[in-house]
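Here is the structure we will look at.
Number of protein chains: 2
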Amino acid sequence: MDKNQALDAVFDLKSVAIVGVAKDEEFNTGRLFLNHIIEYGFKGPIYLVNPKGGEAFGIKIYPHMKDIPGSVDYVISCIRAPLVPQLIKDCAAKGVKAICSFTSGFSEFGTQEGRDLEREVKRLAEQTGVRVIGPNCIGIHSPKACFSPAPDFPKESGRVAFLSQSGGNTLYLVRAAGARGIRFSKVVSYGNAADIDESDLLSYFGQDQETDMIAAYIEGVKDGRRFYRTLREVARSKPVVILKSGRTQAGSAVAASHSAALATPHRVWKDMVRQAGVIGVDTLDELADMLVTLRYMPPLGGKRLAMVGVGGGAGVLGTDDWDENGFVLPSLPEPIRQAWRTALGNVAGTILTNPVDIPFLGFGQEPFMKALAQLHNLEGIDLLVFHTPVRGHMISVAVGGMLLDAEAETIIKVHQAPGKPMAVVLHYEANLDGWKLADKQTSRLYEAGLPVYYSIPSASKAIDRYLRYLANRGTA
Amino acid sequence: MDKNQALDAVFDLKSVAIVGVAKDEEFNTGRLFLNHIIEYGFKGPIYLVNPKGGEAFGIKIYPHMKDIPGSVDYVISCIRAPLVPQLIKDCAAKGVKAICSFTSGFSEFGTQEGRDLEREVKRLAEQTGVRVIGPNCIGIHSPKACFSPAPDFPKESGRVAFLSQSGGNTLYLVRAAGARGIRFSKVVSYGNAADIDESDLLSYFGQDQETDMIAAYIEGVKDGRRFYRTLREVARSKPVVILKSGRTQAGSAVAASHSAALATPHRVWKDMVRQAGVIGVDTLDELADMLVTLRYMPPLGGKRLAMVGVGGGAGVLGTDDWDENGFVLPSLPEPIRQAWRTALGNVAGTILTNPVDIPFLGFGQEPFMKALAQLHNLEGIDLLVFHTPVRGHMISVAVGGMLLDAEAETIIKVHQAPGKPMAVVLHYEANLDGWKLADKQTSRLYEAGLPVYYSIPSASKAIDRYLRYLANRGTA
Numbered sequence: 033m034d035k036n037q038a039l040d041a042v043f044d045l046k047s048v049a050i051v052g053v054a055k056d057e058e059f060n061t062g063r064l065f066l067n068h069i070i071e072y073g074f075k076g077p078i079y080l081v082n083p084k085g086g087e088a089f090g091i092k093i094y095p096h097m098k099d100i101p102g103s104v105d106y107v108i109s110c111i112r113a114p115l116v117p118q119l120i121k122d123c124a125a126k127g128v129k130a131i132c133s134f135t136s137g138f139s140e141f142g143t144q145e146g147r148d149l150e151r152e153v154k155r156l157a158e159q160t161g162v163r164v165i166g167p168n169c170i171g172i173h174s175p176k177a178c179f180s181p182a183p184d185f186p187k188e189s190g191r192v193a194f195l196s197q198s199g200g201n202t203l204y205l206v207r208a209a210g211a212r213g214i215r216f217s218k219v220v221s222y223g224n225a226a227d228i229d230e231s232d233l234l235s236y237f238g239q240d241q242e243t244d245m246i247a248a249y250i251e252g253v254k255d256g257r258r259f260y261r262t263l264r265e266v267a268r269s270k271p272v273v274i275l276k277s278g279r280t281q282a283g284s285a286v287a288a289s290h291s292a293a294l295a296t297p298h299r300v301w302k303d304m305v306r307q308a309g310v311i312g313v314d315t316l317d318e319l320a321d322m323l324v325t326l327r328y329m330p331p332l333g334g335k336r337l338a339m340v341g342v343g344g345g346a347g348v349l350g351t352d353d354w355d356e357n358g359f360v361l362p363s364l365p366e367p368i369r370q371a372w373r374t375a376l377g378n379v380a381g382t383i384l385t386n387p388v389d390i391p392f393l394g395f396g397q398e399p400f401m402k403a404l405a406q407l408h409n410l411e412g413i414d415l416l417v418f419h420t421p422v423r424g425h426m427i428s429v430a431v432g433g434m435l436l437d438a439e440a441e442t443i444i445k446v447h448q449a450p451g452k453p454m455a456v457v458l459h460y461e462a463n464l465d466g467w468k469l470a471d472k473q474t475s476r477l478y479e480a481g482l483p484v485y486y487s488i489p490s491a492s493k494a495i496d497r498y499l500r501y502l503a504n505r506g507t508a
Numbered sequence: 033m034d035k036n037q038a039l040d041a042v043f044d045l046k047s048v049a050i051v052g053v054a055k056d057e058e059f060n061t062g063r064l065f066l067n068h069i070i071e072y073g074f075k076g077p078i079y080l081v082n083p084k085g086g087e088a089f090g091i092k093i094y095p096h097m098k099d100i101p102g103s104v105d106y107v108i109s110c111i112r113a114p115l116v117p118q119l120i121k122d123c124a125a126k127g128v129k130a131i132c133s134f135t136s137g138f139s140e141f142g143t144q145e146g147r148d149l150e151r152e153v154k155r156l157a158e159q160t161g162v163r164v165i166g167p168n169c170i171g172i173h174s175p176k177a178c179f180s181p182a183p184d185f186p187k188e189s190g191r192v193a194f195l196s197q198s199g200g201n202t203l204y205l206v207r208a209a210g211a212r213g214i215r216f217s218k219v220v221s222y223g224n225a226a227d228i229d230e231s232d233l234l235s236y237f238g239q240d241q242e243t244d245m246i247a248a249y250i251e252g253v254k255d256g257r258r259f260y261r262t263l264r265e266v267a268r269s270k271p272v273v274i275l276k277s278g279r280t281q282a283g284s285a286v287a288a289s290h291s292a293a294l295a296t297p298h299r300v301w302k303d304m305v306r307q308a309g310v311i312g313v314d315t316l317d318e319l320a321d322m323l324v325t326l327r328y329m330p331p332l333g334g335k336r337l338a339m340v341g342v343g344g345g346a347g348v349l350g351t352d353d354w355d356e357n358g359f360v361l362p363s364l365p366e367p368i369r370q371a372w373r374t375a376l377g378n379v380a381g382t383i384l385t386n387p388v389d390i391p392f393l394g395f396g397q398e399p400f401m402k403a404l405a406q407l408h409n410l411e412g413i414d415l416l417v418f419h420t421p422v423r424g425h426m427i428s429v430a431v432g433g434m435l436l437d438a439e440a441e442t443i444i445k446v447h448q449a450p451g452k453p454m455a456v457v458l459h460y461e462a463n464l465d466g467w468k469l470a471d472k473q474t475s476r477l478y479e480a481g482l483p484v485y486y487s488i489p490s491a492s493k494a495i496d497r498y499l500r501y502l503a504n505r506g507t508a
């Protein structure tokens, strides 16, 4: 089976086998997979294999692949590395489409034995047509098939595909971006990329009808030319955001021992990404910020913004941050100032500047809503930003919760009316209380279609990258 | 009364009056102060003043300052700006030590009237000796007097003093640093600095027997020469960490309308800070990171570190981050590698490099503890770093909690034995679940005397600044 067919089948899997699962009262990663696949809600049959036999979670463990009564689409292997080649042969006999090999101990070990083993895996994948994901990875997450290695991943499908050379970074990004309203079509943690590699996945997601944008975490590429060619081609039709680790020599060396990644000098890499029209980022959080921006921010006309928020010190620091990323906060024309004066009376300190510093209490009131609506439609402004220092107030957590509710309601109401693009910054979480408040509002806001950021520096960086991406594509 | 005497009296206050408090069934900021002062646990009498009379929280509201039966140390004013001069005179008659004027409407308004009013406040403070904090601020937090404007601030006193020109930034920093084990001796939000200004406060904290280090958020200084002289002098005996906003022209302009701050070109400011031996930072989180480092990190010999953590991708990205801040992760000598091989068997992928990638499951087991102890005492290493991607794992939240418990226990055990300085990075919180897990472990770890950071970039930046500070002082 060719790689694209195998990927199609695997993201639509109807049955799975976990090989090397431990029986009840023992523990291994196979049991983690089993537990999570059940908990996430996979409906198809789950087969277990271990020569020792027994039972796990009430499911019989077969001694061998060939003993499984039904057909198997996808196999998760948790057996020791030297046993994997034989497993591929057994899977071929059984008609399996692809194996994810979780276990490490291949070329990333840096030994001749490990390299030989990985070469053998690659050869067998090509020969048998049983495609291999990994080794040294957690494989696929496919919400449409109700299949996931993590029970707490979002259940709904979205339009973002993610390929990641690290399992941990996969788990982090899906959770972090998930909390801000990003949903995935298909996710794959692909480790050492012995068989299915980054170019295969990029090309596959490029053609995938269920995918509108692509995110990637990459430690090294197998074939630079092919990767660049694929990148250019895919980036023409879909936004691609890439985080490449190994920016430094030290980082590259560690990448080699993590996923056997080949080093690309970071300068070369950066040029390549820019020329391909791809958005490069430097951290996983920047990757999440970028996905949120691409998903929830309409095209912007420029860098002139009006900012409204509760908190003077936060506004001062925030103005520095916007300015450093090339944004301007123009002074507001007299009619708008007058609207704010009417709305706020004598309460706030900085009502006549931009940012507008507002008290919490005005939210929802008529003159306040009017002033906001005017700002939302102001000529000479490209973007309206709300910022709230969640725990940068005297108010208690309980009262803070009520005021944030009122604020979110107001923001959503303004957003529903025609006007400029909007963004919300929920910053100053400070501590767990703050994260509880922010988490609740974030859900409400993204459900209403708004991009939510957790700091002004991160918002300004992401929106600046977005504008450069739009300009590059000629759509700004 | 001179300013230092007034500050001594106010941080040791026995009684307070809130002027302009609204009665029950109405709402204003005076009621917030009242509510929070009671909730934080202030033991002395709280007097309320409002010409309209009535009651609030069962406390009688007097029509006038002169009607208060007992003596009053500290007054919080929530009345309109034009009424403040008369209040100062009334306070003088009553023997009040200092007033905090919460209300804005002074020079930060940018009007002649506002400037005149502020000048009058300054003149009256000097003439009557009733010192003024603000206007446009939330005043003091003094745990030793059980007095705070925020009910959720830590109750215990510590050895850090904080002066802040923004109330919101005060509230954020005390909460954010508080969650990581920073406790304060004295905190003051000082707004426009009409009377008591940044130089007064810096000099006061410099001499304060209860203060070991000083943090500051400053938007502008009143008297550059005096401030620089004070800074140099104070920095000779205590670490001083300063966040200055208004790095950009746009930010400076907003600072002027927030707290009437005078602009200092940022380049001039940076030179001044460096020459005075002060630690400059660029964000509130960096300020918190720096306080955590100064409080919990012993002096370091250099930039060679060993990192141990659960998660390969996080290790790769983290290595880039350390490298970019000039740290080195030397390869580990053979006996240490052997100890890890014994401890981990064949499980982990990158056991032979630095960072050491470990499985969660080894924690607490004998050979694992041995390998850690060896690393903790390794020649050629200046610092041992643990990192944990909190939600960068397949494990469920419940199991994650148990494993993090075991990990924290192990880290604390290693830390209690003699060895190199240690730091812990709890990163990859991802979402609210992650913050819940991280918050619990952070408390355990700082209670055991460990510095905790929330990302490797922030840890490496803070520890790099710490090393430069030590070198500057000749103690590295």
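The listed protein sequences derive, respectively, from chains R and F.
With the first sequence counted from 1, adding 32 to any position gets you the numbering used here.
With the second sequence counted from 1, adding 32 to any position gets you the numbering used here.
Backbone N, C-alpha and C define an ideal beta-carbon position, used for all residues, glycine too.
In this text, all values refer to a predicted model and were calculated from it rather than measured experimentally.
How would you write the range of the beta strand (DSSP E) that P421 (chain R) sits in, first residue to last? As a first step, residue 421 (chain R) is located in the first sequence; it is residue number 389 there, counting from the start. DSSP places P421 (chain R) inside the beta strand (DSSP E), whose first and last residues are 415-421.
Give the residues of chain R in contact with P387 (chain F), contact being defined as C-beta atoms less than 9 Å apart. Residue 387 (chain F) sits at position 355 when you count from the first residue of the second sequence. Going along chain R in sequence order, the residues near P387 (chain F) (Cβ under 9 Å) are V286.
Evaluate R505 (chain F) with the Cβ neighbour count: other Cβ atoms within 10 Å of its Cβ, from every protein chain shown; 16 or more gives buried, anything less gives exposed. As a first step, residue 505 (chain F) must be located in the second sequence, where it is residue number 473. When all chains shown are included, R505 (chain F) counts as exposed.
Option in F:M304, F:D184, F:Y478 with minimal Cα separation from A430 (chain R): Walking along the first sequence from the start, residue 430 (chain R) turns up at place 398. It is F:D184.
Once the 5 residues before and after G381 (chain R) are set aside, which same chain residues still bring their CB inside 8 Å of it? Taking the first residue of the first sequence as 1, we reach residue 381 (chain R) at position 349. Confidence at G381 (chain R) is low in this model, with a pLDDT of 49, below 50, so the placement of that residue should be treated as unreliable; the coordinate-derived value is given next. Excluding residues up to 5 positions away in sequence, G344, D389 lie with their Cβ nearer than 8 Å to the Cβ of G381 (chain R) in the same chain.
Taking the alpha-carbon positions, what's the G537 (chain F) to A293 (chain F) distance? Nothing about residue 537 (chain F) can be read from this structure; chain F reaches only from 33 to 508.
Can you pull the chain F neighbours of L492 (chain R), defined as C-beta to C-beta under 9 Å? Translated into positions along the first sequence, residue 492 (chain R) becomes position 460. With the sequence shown as reference, residue 492 (chain R) is identified as Ser, and Leu is not the correct amino acid for it. Correct list: empty, because the minimum Cβ distance to chain F is about 12 Å.
Contact list for M426 (chain R) against chain F, beta-carbon separation under 7 Å: Taking the first residue of the first sequence as position 1, residue 426 (chain R) is located at position 394. Taking the beta carbon of M426 (chain R) as reference, the chain F residues within 7 Å of it are L64, H68, I170, P181, A182, L203, listed in sequence order.
With a threshold of 7 Å on Cβ separation, who are the neighbours of Q406 (chain F) within its own chain once the five nearest residues in sequence on each side are excluded? The residue you call residue 406 (chain F) lines up with position 374 of the second sequence. So the qualifying residues of the chain are I368, A371.
Beta carbons nearer than 8 Å to chain C: which residues of the region 421-455 of chain R have them? Reference to chain C is not applicable here, since the protein chains of this structure are R and F.
What residues match up with I93 (chain R) in a beta bridge as DSSP calls it? The sequence position of residue 93 (chain R) within the first sequence is 61, counting from 1. Beta-bridge partners assigned by DSSP to I93 (chain R): R:L80.
Going along chain R in order, which residues have a C-beta closer than 7 Å to the C-beta of W467 (chain F)? In the second sequence, residue 467 (chain F) corresponds to position 435, counting from 1. Ordered by position in chain R, the residues that pass the 7 Å Cβ test against W467 (chain F) are L464, W467.
Let's see if you can read the secondary structure: which residues bound the beta strand (DSSP E) around L294 (chain R)? Within the first sequence, the letter at position 262 stands for residue 294 (chain R). It is not in any beta strand (DSSP E) - L294 (chain R) carries neither H nor E in the DSSP assignment.
What did DSSP end up calling S217 (chain R) once you bin it into helix, strand or coil? Working through the first sequence from its first residue, we reach residue 217 (chain R) at position 185. The three-state reading of DSSP puts S217 (chain R) in strand, counting E and B together.
For F89 (chain F), does the count of other Cβ atoms within 10 angstroms reach 16, so buried, or fall short, so exposed? Start at 1 with the first residue of the second sequence, and residue 89 (chain F) comes out as number 57. Classification for F89 (chain F): exposed.
Check whether the Cβ of G381 (chain F) lies closer than 8 Å to any Cβ atom in chain R. As a working mapping, residue 381 (chain F) is identified with position 349 in the second sequence. In this predicted model, G381 (chain F) has a pLDDT of only 49, less than 50, meaning its place in the structure is not dependable; the value taken from the coordinates is given anyway. Chain R, which has a Cβ nearer than 8 Å to the Cβ of G381 (chain F), makes this yes.
Let me check one thing: in DSSP terms, what residues is H173 (chain F) bridge-paired to? Here residue 173 (chain F) refers to the residue found at position 141 when the second sequence is read from its first residue. Note: H173 (chain F) sits in a beta bridge opposite F:V219.
Short-range partners of chain R found in the region 242-254 of chain F, where Cβ spacing is below 8 Å: Here the close residues are Y249, E251.
One question on the structure: do Y72 (chain F) and F179 (chain F) come within less than 8 Å of each other, judged by their Cβ atoms? For the purposes of this step, residue 72 (chain F) is taken as the residue at position 40 of the second sequence. For the purposes of this step, residue 179 (chain F) is taken as the residue at position 147 of the second sequence. A contact, by the Cβ cut-off of 8 Å.
DSSP bridge partner residues for R336 (chain R) (one or two, in chain order): Translated into positions along the first sequence, residue 336 (chain R) becomes position 304. R:V360.
Given 8 Å, three or more beta-carbon pairs between the region 239-249 of chain R and the region 187-203 of chain R: Taking a cut-off of 8 Å on C-beta distances, the region 239-249 of chain R touches the region 187-203 of chain R, as three or more cross pairs fall below it.
Starting from S492 (chain F) and walking both ways along the alpha helix (DSSP H), at which residues does that stretch end? Translated into positions along the second sequence, residue 492 (chain F) becomes position 460. Per DSSP, the continuous alpha helix (DSSP H) segment holding S492 (chain F) begins and ends at 488-505.
Checking 8 Å against the spacing of the C-beta atoms, do G161 (chain F) and S133 (chain F) come in under that value? Reading the second sequence from its first residue, position 129 is the one you call residue 161 (chain F). Reading the second sequence from its first residue, position 101 is the one you call residue 133 (chain F). No.
At 3 residues or longer, and completely inside the region 115-160 of chain F: list those beta strand (DSSP E) runs for me, N to C. Runs found: 130-133.
Consult DSSP for D227 (chain R) and reduce its assignment to one of helix, strand or coil. One-based indexing of the first sequence puts residue 227 (chain R) at position 195. Under the three-state reduction of DSSP output, D227 (chain R) falls in the coil class, being neither helix nor strand.
Who are the Cβ neighbours of C169 (chain F) in its own chain at under 6 Å, not counting the five residues just before and after it? Reading the second sequence from its first residue, position 137 is the one you call residue 169 (chain F). Excluding sequence positions up to five before and after C169 (chain F), its CB lies within less than 6 Å of the CB of G199, S221, Y222, G223, all in the same chain and listed in chain order.
My guess is that T467 (chain R) and L464 (chain F) are in contact by the Cβ rule of under 8 Å, so how many angstroms apart are they, rounded? What you label residue 467 (chain R) is simply residue 435 of the first sequence in a count that begins at 1. What you label residue 464 (chain F) is simply residue 432 of the second sequence in a count that begins at 1. The sequence shown places Trp at residue 467 (chain R), not Thr. The pair is a contact, with the Cβ atoms about 6 Å apart (cut-off 8 Å).
Three or more C-beta pairs closer than 8 Å, one from the region 226-238 of chain F and one from the region 472-486 of chain R: is that the case here? Output reads no: the region 472-486 of chain R does not touch the region 226-238 of chain F.
With distances taken between CB atoms, is the gap from L263 (chain F) to V310 (chain F) smaller than 8 Å? Reading the second sequence from its first residue, position 231 is the one you call residue 263 (chain F). Reading the second sequence from its first residue, position 278 is the one you call residue 310 (chain F). The Cβ atoms of L263 (chain F) and V310 (chain F) sit closer than 8 Å to each other.
For S269 (chain F), the first and last residue of its enclosing beta strand (DSSP E): By 1-based counting over the second sequence, the position of residue 269 (chain F) is 237. Where S269 (chain F) is concerned, there is no enclosing beta strand (DSSP E), although the alpha helix (DSSP H) around it starts and stops at 256-269.
Inspect the beta-carbon positions of A283 (chain R) and V348 (chain F) and report whether they are closer than 8 Å. Residue mapping note: residue 283 (chain R) aligns to position 251 of the first sequence, counting from 1. Residue mapping note: residue 348 (chain F) aligns to position 316 of the second sequence, counting from 1. Per the sequence shown, the amino acid found at residue 283 (chain R) is Gly instead of Ala. Taking a C-beta distance under 8 Å as the contact criterion, G283 (chain R) and V348 (chain F) qualify as a contact pair.
Proximity of H459 (chain F) and S492 (chain F) at Cβ, strictly below 8 Å: Along the second sequence, one-based indexing puts residue 459 (chain F) at 427. Along the second sequence, one-based indexing puts residue 492 (chain F) at 460. If you check the CB distance, H459 (chain F) and S492 (chain F) do not come in under 8 Å.
If I follow the unbroken alpha helix (DSSP H) through G432 (chain F), where does it start and stop? Position 400 of the second sequence, counting from 1, holds the residue named residue 432 (chain F). Here the alpha helix (DSSP H) through G432 (chain F) covers 429-448.
Buried or exposed: where does R497 (chain R) fall if 16 or more other Cβ atoms within 10 Å of its Cβ makes it buried? Taking the first sequence and counting its residues from 1, one reaches residue 497 (chain R) at position 465. The residue is buried, with at least 16 neighbouring Cβ atoms inside 10 Å.
Coarse secondary structure for M245 (chain R), derived from DSSP in three states: For the purposes of this step, residue 245 (chain R) is taken as residue 213 along the first sequence, with counting starting at 1. If DSSP states are grouped into helix, strand and coil, M245 (chain R) belongs with the strands.
With distance defined between alpha-carbon atoms, name the residue in R:R207, R:F138, R:P387 nearest to V340 (chain R). Position 308 of the first sequence holds residue 340 (chain R). For V340 (chain R), the nearest C-alpha among the options comes from R:P387.
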